[in-house]
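Numbering (the numbering used here), first residue to last: 1113 to 1413.
Shown next, in C-alpha coordinates, is the structure this report addresses.
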Amino acid sequence: MISVASKLLLPVWPDTKILLIAVLAFLPRTAIAEPFPLGKSQQNALLPTLSLSVDIFRPTHCTERSILLVFAGKSRNSDTYRDDSIPLARTTCSIVIAPHFDRDRFPNWQYQRGGIPQRPGEPAAISLVEPLINWAQRETGNTTAPIILIGHSAGAQFLGRVAAYTQTDASAIVIMNPSTYVLPDMKTAAPYGFRNFCVEDAKKCLSPYLQTKLNFLLGADDDDTSHHLVQTPEAMQQGANRLERGQRTFQLGQKTASLLHIPSGWSLQIVPNTGHNGRKMMASSQLRETINTIITHASSR
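Right, here's the structure in full:
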(Lines of atoms letter the chains of each structure in order from A and count residues from 1; the text may use other names and numbers.)
(Lines give C-alpha, C1' and ligand atoms only; values in the text may rest on other atoms or scores of the structure.)
Protein backbone atom coordinates (compact mmCIF):
# COMPACT_ATOMS: atom_id res chain seq x y z
CA MET A 1 0.00 0.00 0.00
CA ILE A 2 1.29 3.41 -0.92
CA SER A 3 1.73 6.09 1.72
CA VAL A 4 0.79 9.51 0.41
CA ALA A 5 1.74 12.39 2.70
CA SER A 6 0.97 14.95 0.02
CA LYS A 7 -0.84 14.77 -3.31
CA LEU A 8 1.64 12.62 -5.21
CA LEU A 9 0.89 10.19 -7.98
CA LEU A 10 1.80 6.54 -7.58
CA PRO A 11 5.34 6.31 -9.00
CA VAL A 12 4.35 4.80 -12.34
CA TRP A 13 6.36 7.02 -14.70
CA PRO A 14 10.03 7.98 -14.51
CA ASP A 15 11.06 11.59 -13.93
CA THR A 16 9.36 13.03 -16.99
CA LYS A 17 11.18 16.37 -17.04
CA ILE A 18 14.60 14.70 -17.02
CA LEU A 19 13.53 12.24 -19.70
CA LEU A 20 12.04 14.95 -21.87
CA ILE A 21 15.27 16.96 -21.73
CA ALA A 22 17.21 13.83 -22.64
CA VAL A 23 14.92 13.02 -25.56
CA LEU A 24 15.08 16.55 -26.92
CA ALA A 25 18.86 16.63 -26.65
CA PHE A 26 19.13 13.78 -29.19
CA LEU A 27 16.51 15.06 -31.60
CA PRO A 28 17.75 16.76 -34.75
CA ARG A 29 16.84 20.43 -35.04
CA THR A 30 14.35 19.67 -37.79
CA ALA A 31 12.40 17.45 -35.38
CA ILE A 32 11.73 20.34 -33.02
CA ALA A 33 8.24 21.61 -33.82
CA GLU A 34 7.73 25.09 -35.17
CA PRO A 35 5.42 27.39 -33.20
CA PHE A 36 1.78 26.49 -33.67
CA PRO A 37 0.23 28.22 -36.69
CA LEU A 38 -2.63 30.65 -36.17
CA GLY A 39 -6.08 29.15 -36.39
CA LYS A 40 -6.73 25.41 -36.32
CA SER A 41 -4.02 22.76 -36.59
CA GLN A 42 -3.09 19.28 -35.47
CA GLN A 43 0.22 18.24 -33.90
CA ASN A 44 1.82 15.26 -32.23
CA ALA A 45 2.78 15.86 -28.64
CA LEU A 46 6.05 14.05 -28.07
CA LEU A 47 6.03 12.92 -24.44
CA PRO A 48 8.79 10.92 -22.74
CA THR A 49 7.06 7.55 -23.13
CA LEU A 50 4.59 8.02 -25.99
CA SER A 51 3.07 10.57 -28.34
CA LEU A 52 -0.45 11.97 -28.37
CA SER A 53 -2.27 13.58 -31.26
CA VAL A 54 -3.53 17.01 -30.22
CA ASP A 55 -6.02 19.34 -31.88
CA ILE A 56 -5.07 23.01 -31.53
CA PHE A 57 -6.55 26.44 -31.99
CA ARG A 58 -4.43 29.58 -31.74
CA PRO A 59 -6.34 32.90 -31.86
CA THR A 60 -5.29 35.90 -33.93
CA HIS A 61 -4.95 39.60 -33.10
CA CYS A 62 -4.46 39.22 -29.33
CA THR A 63 -1.76 38.48 -26.79
CA GLU A 64 -2.35 34.97 -25.50
CA ARG A 65 -3.40 35.05 -21.86
CA SER A 66 -3.73 31.34 -21.07
CA ILE A 67 -3.37 27.80 -22.37
CA LEU A 68 -6.52 25.69 -22.20
CA LEU A 69 -6.05 21.92 -22.20
CA VAL A 70 -9.47 20.58 -23.14
CA PHE A 71 -10.36 16.93 -22.49
CA ALA A 72 -13.13 15.38 -24.59
CA GLY A 73 -16.06 13.28 -23.52
CA LYS A 74 -16.78 9.59 -24.00
CA SER A 75 -16.56 9.77 -27.81
CA ARG A 76 -12.92 10.99 -27.51
CA ASN A 77 -13.74 13.56 -30.22
CA SER A 78 -10.97 15.99 -29.39
CA ASP A 79 -11.39 17.80 -32.71
CA THR A 80 -15.03 18.60 -31.90
CA TYR A 81 -14.14 19.85 -28.44
CA ARG A 82 -11.37 21.97 -29.96
CA ASP A 83 -13.89 23.48 -32.37
CA ASP A 84 -16.45 24.05 -29.61
CA SER A 85 -13.73 25.86 -27.62
CA ILE A 86 -12.93 28.41 -30.35
CA PRO A 87 -15.40 31.10 -29.20
CA LEU A 88 -14.05 30.77 -25.67
CA ALA A 89 -10.46 30.95 -26.96
CA ARG A 90 -11.20 34.10 -28.93
CA THR A 91 -13.02 35.79 -26.06
CA THR A 92 -10.33 35.01 -23.48
CA CYS A 93 -7.32 35.14 -25.84
CA SER A 94 -6.32 31.57 -25.07
CA ILE A 95 -4.61 28.76 -26.95
CA VAL A 96 -6.68 25.56 -27.03
CA ILE A 97 -4.92 22.19 -26.94
CA ALA A 98 -7.24 19.17 -27.02
CA PRO A 99 -5.35 15.88 -26.58
CA HIS A 100 -6.74 12.73 -28.18
CA PHE A 101 -6.82 9.79 -25.77
CA ASP A 102 -7.63 6.96 -28.16
CA ARG A 103 -9.60 3.96 -26.94
CA ASP A 104 -6.96 1.43 -28.02
CA ARG A 105 -4.37 2.74 -25.59
CA PHE A 106 -6.75 4.35 -23.11
CA PRO A 107 -9.83 2.20 -22.44
CA ASN A 108 -12.44 3.45 -19.98
CA TRP A 109 -10.57 2.41 -16.86
CA GLN A 110 -7.58 4.45 -18.05
CA TYR A 111 -9.49 7.52 -19.27
CA GLN A 112 -12.65 7.89 -17.20
CA ARG A 113 -11.00 6.48 -14.07
CA GLY A 114 -7.51 7.77 -14.82
CA GLY A 115 -5.78 4.39 -14.55
CA ILE A 116 -6.38 4.28 -10.79
CA PRO A 117 -5.90 1.89 -9.10
CA GLN A 118 -2.80 1.19 -11.10
CA ARG A 119 -2.48 -2.20 -12.75
CA PRO A 120 0.91 -3.93 -12.86
CA GLY A 121 2.94 -2.82 -15.85
CA GLU A 122 0.32 -0.30 -17.00
CA PRO A 123 1.16 3.33 -16.17
CA ALA A 124 -1.76 5.46 -15.06
CA ALA A 125 -3.03 7.83 -17.75
CA ILE A 126 -3.31 10.74 -15.31
CA SER A 127 0.47 10.79 -15.04
CA LEU A 128 0.61 12.05 -18.64
CA VAL A 129 -0.94 15.41 -17.77
CA GLU A 130 2.15 17.04 -16.29
CA PRO A 131 4.43 16.10 -19.23
CA LEU A 132 1.66 17.29 -21.56
CA ILE A 133 1.71 20.65 -19.75
CA ASN A 134 5.49 20.79 -20.12
CA TRP A 135 5.17 20.05 -23.83
CA ALA A 136 2.53 22.75 -24.31
CA GLN A 137 4.67 25.36 -22.58
CA ARG A 138 7.72 24.45 -24.59
CA GLU A 139 5.96 24.33 -27.96
CA THR A 140 4.08 27.59 -27.45
CA GLY A 141 7.14 29.28 -26.00
CA ASN A 142 4.92 30.53 -23.20
CA THR A 143 5.93 29.46 -19.70
CA THR A 144 4.14 32.23 -17.83
CA ALA A 145 0.53 31.99 -19.06
CA PRO A 146 -1.69 30.02 -16.69
CA ILE A 147 -2.51 26.46 -17.67
CA ILE A 148 -6.20 25.63 -17.23
CA LEU A 149 -7.49 22.07 -17.54
CA ILE A 150 -11.10 21.74 -18.79
CA GLY A 151 -13.02 18.50 -19.12
CA HIS A 152 -16.59 17.56 -19.94
CA SER A 153 -18.34 14.25 -19.15
CA ALA A 154 -15.70 11.48 -19.47
CA GLY A 155 -12.99 14.13 -19.71
CA ALA A 156 -14.26 15.61 -16.45
CA GLN A 157 -14.10 12.17 -14.82
CA PHE A 158 -10.49 11.99 -15.95
CA LEU A 159 -9.66 15.43 -14.56
CA GLY A 160 -11.38 14.58 -11.28
CA ARG A 161 -8.81 11.81 -10.85
CA VAL A 162 -6.02 14.19 -11.87
CA ALA A 163 -7.13 16.61 -9.14
CA ALA A 164 -7.38 13.88 -6.50
CA TYR A 165 -4.46 11.60 -7.19
CA THR A 166 -1.65 13.59 -8.78
CA GLN A 167 0.01 16.98 -8.85
CA THR A 168 0.36 19.34 -11.81
CA ASP A 169 1.44 22.88 -12.57
CA ALA A 170 -2.08 23.79 -13.75
CA SER A 171 -3.49 26.99 -12.27
CA ALA A 172 -6.97 25.47 -12.07
CA ILE A 173 -9.14 22.57 -13.17
CA VAL A 174 -12.70 22.88 -14.51
CA ILE A 175 -14.88 19.76 -14.46
CA MET A 176 -18.25 19.83 -16.23
CA ASN A 177 -20.97 17.19 -15.87
CA PRO A 178 -18.90 14.08 -14.98
CA SER A 179 -20.73 10.82 -14.26
CA THR A 180 -18.59 10.01 -11.23
CA TYR A 181 -16.39 11.84 -8.74
CA VAL A 182 -13.60 11.18 -6.29
CA LEU A 183 -15.19 11.68 -2.89
CA PRO A 184 -12.99 13.43 -0.31
CA ASP A 185 -13.22 10.62 2.23
CA MET A 186 -11.10 7.79 3.53
CA LYS A 187 -13.85 5.14 3.51
CA THR A 188 -14.55 4.96 -0.21
CA ALA A 189 -12.02 2.97 -2.25
CA ALA A 190 -10.08 4.48 -5.16
CA PRO A 191 -10.93 5.52 -7.84
CA TYR A 192 -14.01 6.91 -6.08
CA GLY A 193 -12.31 7.91 -2.81
CA PHE A 194 -8.99 7.58 -0.99
CA ARG A 195 -9.14 4.16 0.64
CA ASN A 196 -6.37 1.91 -0.73
CA PHE A 197 -4.61 4.95 -2.17
CA CYS A 198 -3.45 6.86 0.89
CA VAL A 199 -2.61 5.49 4.35
CA GLU A 200 -1.76 8.76 6.08
CA ASP A 201 -4.26 10.58 8.28
CA ALA A 202 -7.24 12.20 6.60
CA LYS A 203 -5.87 15.74 6.71
CA LYS A 204 -2.61 14.80 4.97
CA CYS A 205 -4.42 12.70 2.37
CA LEU A 206 -7.23 15.10 1.57
CA SER A 207 -5.62 18.54 1.97
CA PRO A 208 -4.00 18.72 -1.49
CA TYR A 209 -7.25 17.63 -3.17
CA LEU A 210 -9.47 20.02 -1.22
CA GLN A 211 -7.11 22.93 -1.78
CA THR A 212 -6.88 22.37 -5.54
CA LYS A 213 -8.53 25.16 -7.55
CA LEU A 214 -11.29 22.85 -8.70
CA ASN A 215 -14.27 24.44 -10.41
CA PHE A 216 -17.51 22.45 -10.70
CA LEU A 217 -19.74 23.56 -13.62
CA LEU A 218 -22.98 21.61 -13.69
CA GLY A 219 -25.82 21.75 -16.19
CA ALA A 220 -29.05 22.60 -14.39
CA ASP A 221 -30.94 20.11 -16.57
CA ASP A 222 -28.37 17.30 -16.40
CA ASP A 223 -30.69 15.38 -14.10
CA ASP A 224 -31.75 12.36 -16.16
CA THR A 225 -30.14 9.02 -16.90
CA SER A 226 -30.43 8.94 -20.68
CA HIS A 227 -26.89 10.05 -21.56
CA HIS A 228 -24.81 6.97 -20.68
CA LEU A 229 -24.84 7.75 -16.98
CA VAL A 230 -22.52 5.41 -15.05
CA GLN A 231 -24.77 3.27 -12.86
CA THR A 232 -22.33 1.01 -11.03
CA PRO A 233 -22.99 0.60 -7.28
CA GLU A 234 -20.15 3.03 -6.48
CA ALA A 235 -21.60 5.61 -8.86
CA MET A 236 -25.18 5.25 -7.62
CA GLN A 237 -24.01 5.87 -4.07
CA GLN A 238 -22.95 9.33 -5.23
CA GLY A 239 -26.46 10.24 -6.41
CA ALA A 240 -29.20 9.45 -8.89
CA ASN A 241 -27.92 11.71 -11.68
CA ARG A 242 -25.00 13.93 -12.63
CA LEU A 243 -26.41 17.13 -11.16
CA GLU A 244 -27.12 15.48 -7.82
CA ARG A 245 -23.72 13.79 -7.74
CA GLY A 246 -21.89 17.04 -8.41
CA GLN A 247 -23.80 18.98 -5.78
CA ARG A 248 -23.33 16.23 -3.19
CA THR A 249 -19.60 15.93 -3.86
CA PHE A 250 -19.13 19.68 -3.64
CA GLN A 251 -21.07 19.87 -0.38
CA LEU A 252 -19.07 16.96 1.06
CA GLY A 253 -15.87 18.75 0.07
CA GLN A 254 -16.94 21.95 1.81
CA LYS A 255 -17.99 20.05 4.94
CA THR A 256 -14.79 17.98 5.04
CA ALA A 257 -12.57 21.04 4.55
CA SER A 258 -14.33 22.78 7.41
CA LEU A 259 -14.02 19.77 9.73
CA LEU A 260 -10.32 19.40 8.93
CA HIS A 261 -9.69 23.17 9.08
CA ILE A 262 -8.50 23.20 5.47
CA PRO A 263 -9.06 26.22 3.22
CA SER A 264 -11.13 24.92 0.31
CA GLY A 265 -10.17 25.74 -3.27
CA TRP A 266 -13.43 24.37 -4.71
CA SER A 267 -16.18 26.39 -6.35
CA LEU A 268 -19.56 25.49 -7.87
CA GLN A 269 -21.66 27.09 -10.59
CA ILE A 270 -24.89 25.90 -12.20
CA VAL A 271 -25.36 26.53 -15.93
CA PRO A 272 -29.08 27.22 -16.51
CA ASN A 273 -31.15 25.64 -19.28
CA THR A 274 -28.39 23.14 -20.06
CA GLY A 275 -28.32 19.36 -19.85
CA HIS A 276 -25.55 16.93 -20.76
CA ASN A 277 -24.38 19.02 -23.70
CA GLY A 278 -20.67 19.69 -24.16
CA ARG A 279 -21.14 22.39 -26.78
CA LYS A 280 -23.53 24.42 -24.60
CA MET A 281 -21.29 24.02 -21.56
CA MET A 282 -18.26 25.22 -23.55
CA ALA A 283 -20.27 28.21 -24.80
CA SER A 284 -21.70 29.15 -21.40
CA SER A 285 -21.10 32.54 -19.82
CA GLN A 286 -20.31 30.68 -16.58
CA LEU A 287 -17.31 28.96 -18.16
CA ARG A 288 -16.14 32.20 -19.80
CA GLU A 289 -16.34 34.05 -16.48
CA THR A 290 -14.56 31.22 -14.70
CA ILE A 291 -11.67 31.28 -17.19
CA ASN A 292 -11.34 35.06 -16.98
CA THR A 293 -11.32 34.90 -13.18
CA ILE A 294 -8.61 32.23 -13.18
CA ILE A 295 -6.48 34.27 -15.60
CA THR A 296 -6.90 37.45 -13.57
CA HIS A 297 -6.05 35.68 -10.32
CA ALA A 298 -2.97 33.98 -11.85
CA SER A 299 -1.67 37.24 -13.34
CA SER A 300 -2.00 39.04 -10.00
CA ARG A 301 0.34 36.68 -8.20
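For every residue, glycine included, the Cβ atom is placed at its ideal position computed from N, Cα and C.
- Shown here, R1231 sits in a strand according to DSSP, grouped into three states.
- Fewer than three pairs of CB atoms, one per stretch, sit closer than 8 angstroms, so the segment 1241 to 1250 makes no contact with the segment 1193 to 1201.
- Per DSSP, reduced to three states, the secondary structure at S1379 is strand.
- DSSP links H1264 through a beta bridge to M1288.
- Taking C-beta separations shorter than 6 angstroms and ignoring five residues to either side along the sequence, the partners of D1167 in its chain run Q1154, S1190, D1191, R1194, A1210, following chain order.
- R1170 carries a strand assignment under DSSP once its states are collapsed to helix, strand and coil.
- Counting the other CB atoms within 10 Å of its CB gives Q1349 a total below 16, which places it among the exposed residues.
- Taking the CA atoms as reference points, A1157 sits about 12 angstroms from F1213.
- Less than 8 angstroms divides the Cβ of T1204 from the Cβ of R1177.
- Burial is judged here by how many other beta carbons sit within 10 angstroms of a residue's own beta carbon; A1332 has fewer than 16 and is exposed.
- Counting the other CB atoms within 10 Å of its CB gives S1338 a total below 16, which places it among the exposed residues.
- For S1206, the closest alpha carbon among the candidates F1218, T1252, R1188, G1305 is that of T1252.
- Close CB contacts of I1382 within its chain, under the 6 angstroms cut and outside five residues either way in sequence, are with L1330, A1332 (chain order).
- Contact annotation: F1362 and F1306 have beta-carbon atoms that are not nearer than 8 angstroms.
- F1362 carries a helical assignment under DSSP once its states are collapsed to helix, strand and coil.
- Around the beta-carbon of N1220, fewer than 16 other beta-carbon atoms lie within 10 Å, marking it exposed.
- Counted as a single uninterrupted DSSP element, the alpha helix (DSSP H) harbouring G1390 occupies residues 1390 to 1394.
- Look at Q1222 here: in three-state DSSP terms it is helix.
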